[in-house]
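Q: Take a look at the following structure, please.
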Amino acid sequence: MDTSLKAAAVVLDSVSKSYGPVEILKNVSVSIAPGEVVTLLGPSGAGKSTLLRCINHLETISAGRIYVHGKLIGYREVGDTLHELSDREISAQRRSIGMVFQSFNLFRHMTVLQNVMSGPVHVLRTPKVEAAALARDLLEKVGLPDKADRYPSELSGGQQQRVAIARTLALAPSVMLFDEPTSALDPELSQEVVATIRSLAEQGYTMLIATHEMAIARDFADRVIFMVHGEVVEDVPARSFFTTPRHERSRQFVARHAG
Numbered sequence: 001m002d003t004s005l006k007a008a009a010v011v012l013d014s015v016s017k018s019y020g021p022v023e024i025l026k027n028v029s030v031s032i033a034p035g036e037v038v039t040l041l042g043p044s045g046a047g048k049s050t051l052l053r054c055i056n057h058l059e060t061i062s063a064g065r066i067y068v069h070g071k072l073i074g075y076r077e078v079g080d081t082l083h084e085l086s087d088r089e090i091s092a093q094r095r096s097i098g099m100v101f102q103s104f105n106l107f108r109h110m111t112v113l114q115n116v117m118s119g120p121v122h123v124l125r126t127p128k129v130e131a132a133a134l135a136r137d138l139l140e141k142v143g144l145p146d147k148a149d150r151y152p153s154e155l156s157g158g159q160q161q162r163v164a165i166a167r168t169l170a171l172a173p174s175v176m177l178f179d180e181p182t183s184a185l186d187p188e189l190s191q192e193v194v195a196t197i198r199s200l201a202e203q204g205y206t207m208l209i210a211t212h213e214m215a216i217a218r219d220f221a222d223r224v225i226f227m228v229h230g231e232v233v234e235d236v237p238a239r240s241f242f243t244t245p246r247h248e249r250s251r252q253f254v255a256r257h258a259g
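Numbering (UniProt numbering), first residue to last: 1 to 259.
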């Protein structure tokens with residue numbers, strides 16, 4: 001195996017995705033190092049969410065390869081041909097690729113503690129006592145130790161999203177994907193979530209974040225990948241993107257969103 005694949009946390013190698021004649025991703029090649037925080041920026045329809053869903057194999061790709069810690073995602077390669085893995089094999093791969101969505105997707109009939117416990121108990125077969133202790137530790141990590149016995153309907157949107165982050169962390173993923181994690185929140189509540197993501201960055205989590213929240217990209221991301229119409233227009237250090245954007249579309253975007 002190529003040593004660069006082994007060393008990287010995530011590699012997208014010439015990835016394309018089409019729906020019929022419509023190209024959503026166009027020959028995207030990106031490599032993300034372990035512990036790196038990368039933000040995906042770009043206008044609506046740029047392909048950011050689709051790219052994340054392809055990494056988690058929630059969407060199949062039309063061409064290229066995706067690797068997470070050196071493992072080909074979603075497929076088995078036989079000669080030059082890719083064969084999609086079984087549902088069970090894909091589910092096993094997803095355990096190491098955590099994903100936080102725009103909507104919180106919490107189980108409404110479960111308490112916060114039960115929501116966070118659900119993955120370890122039902123997926124990893126962790127004993128309930130051990131899973132409960134882990135869940136309480138994770139709720140502490142996201143700043144909600146006092147909400148364990150509440151139900152999602154009793155929480156604010158920002159609190160629900162932080163529970164969703166804790167639930168994702170409960171499976172101990174090696175890579176975290178965030179799909180517009182603050183888009184459903186008002187500005188005040190979104191700052192709670194941004195602070196939680198910042199804390200995860202400081203702890204060394206590998207993260208790829210599709211967002212319109214400039215505070216994430218500007219204040220603590222390592223890199224910005226700027227996409228337009230399914231193509232990577234810029235892939236640069238975050239500071240460079242905001243101070244010296246190279247392309248006209250990038251300059252327009254920064255002027256509009258980063259003031």
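Ideal Cβ positions, reconstructed from N, Cα and C, are used throughout, including at glycine.
What are the residues that DSSP puts in a beta bridge with V78?
A: Counting from one through the sequence shown, the residue named residue 78 turns up at place 78. Answer is T81.
Q: Tell me whether the beta-carbon of G98 lies closer than 8 Å to the beta-carbon of V175.
A: Numbered from 1 along the sequence shown, position 98 holds the residue referred to as residue 98. Numbered from 1 along the sequence shown, position 175 holds the residue referred to as residue 175. Cβ distance < 8 Å, so G98 and V175 count as in contact.
Q: Can you grab the Cα-Cα spacing for the pair M214 / Q203, in whole Å?
A: Position 214 of the sequence shown, counted from the start, is the residue given in the question as residue 214. Position 203 of the sequence shown, counted from the start, is the residue given in the question as residue 203. So the two alpha carbons sit approximately 21 Å from each other.
Q: In the stretch 178 to 208, which residue ranges form an unbroken alpha helix (DSSP H) of at least 4 residues, counting only runs that do not cross its ends?
A: DSSP runs (the alpha helix (DSSP H)) wholly in the stretch 178 to 208: 187 to 202.
Q: Quick check on L106: does DSSP put it in helix, strand or coil?
A: Your numbering for residue 106 matches position 106 in the sequence shown. Reduced to three states, the DSSP call for L106 is coil.
Q: Look at the Cβ atom of Q191, then the Cβ atom of F104, and state whether they are nearer than 8 Å.
A: For the purposes of this step, residue 191 is taken as the residue at position 191 of the sequence shown. For the purposes of this step, residue 104 is taken as the residue at position 104 of the sequence shown. Contact: no.
Q: To the nearest angstrom, report how far apart D137 and G35 are at their CA atoms.
A: The count along the sequence shown starts at 1 and reaches residue 137 at position 137. The count along the sequence shown starts at 1 and reaches residue 35 at position 35. Using only the alpha carbons, I get a separation of about 21 Å.
Q: Report the rounded CA-to-CA distance for H257 versus T211, giving the unit in angstroms.
A: For the purposes of this step, residue 257 is taken as the residue at position 257 of the sequence shown. For the purposes of this step, residue 211 is taken as the residue at position 211 of the sequence shown. Computed Cα separation, rounded: 12 Å.
Q: Please go through the same chain and pick out, in chain order, the residues whose beta-carbon is closer than 7 Å to the beta-carbon of R65, but skip the five residues on each side of it.
A: Within the sequence shown, the letter at position 65 stands for residue 65. Same-chain partners within the cutoff: D13, L72.
Q: Mind reading off the beta-carbon distance from A221 to T39? Whole number of angstroms is fine, and I expect it under 8 Å.
A: Position 221 of the sequence shown holds residue 221. Position 39 of the sequence shown holds residue 39. Contact flag correct, Cβ pair sits at about 4 Å.
Q: Under a Cβ-count criterion, where at least 16 other Cβ atoms within 10 Å of its own Cβ denotes burial, should E234 be classed as buried or exposed?
A: In the sequence shown, counting from the first residue as 1, residue 234 sits at position 234. Buried, by the Cβ-count rule.
Q: Assign R246 to one of three DSSP states: helix, strand, or coil.
A: Here residue 246 refers to the residue found at position 246 of the sequence shown. If DSSP states are grouped into helix, strand and coil, R246 belongs with coil.
Q: To the nearest angstrom, report how far apart F242 and R218 are at their CA atoms.
A: Taking the sequence shown and counting its residues from 1, the one referred to as residue 242 is at position 242. Taking the sequence shown and counting its residues from 1, the one referred to as residue 218 is at position 218. Approximately 7 Å between the Cα atoms of the pair.
Q: Quick one: what does DSSP say R239 is sitting in, helix, strand or coil?
A: For the purposes of this step, residue 239 is taken as residue 239 along the sequence shown, with counting starting at 1. Helix.
Q: Does the distance from the CB of M207 to the CB of A46 come in under 8 Å?
A: Taking the first residue of the sequence shown as position 1, residue 207 is located at position 207. Taking the first residue of the sequence shown as position 1, residue 46 is located at position 46. Their beta carbons are not under 8 Å apart, which means M207 does not touch A46 by this criterion.
Q: Would you check if the distance between the CB atom of L144 and the CB atom of V163 is smaller than 8 Å?
A: Along the sequence shown, one-based indexing puts residue 144 at 144. Along the sequence shown, one-based indexing puts residue 163 at 163. Cβ atoms of L144 and V163: closer than 8 Å.
Q: Roughly how many angstroms lie between the CA atoms of S250 and P43, to the nearest whole one?
A: Counting from 1 along the sequence shown, the entry for residue 250 is found at position 250. Counting from 1 along the sequence shown, the entry for residue 43 is found at position 43. Cα to Cα, S250 sits roughly 10 Å from P43.
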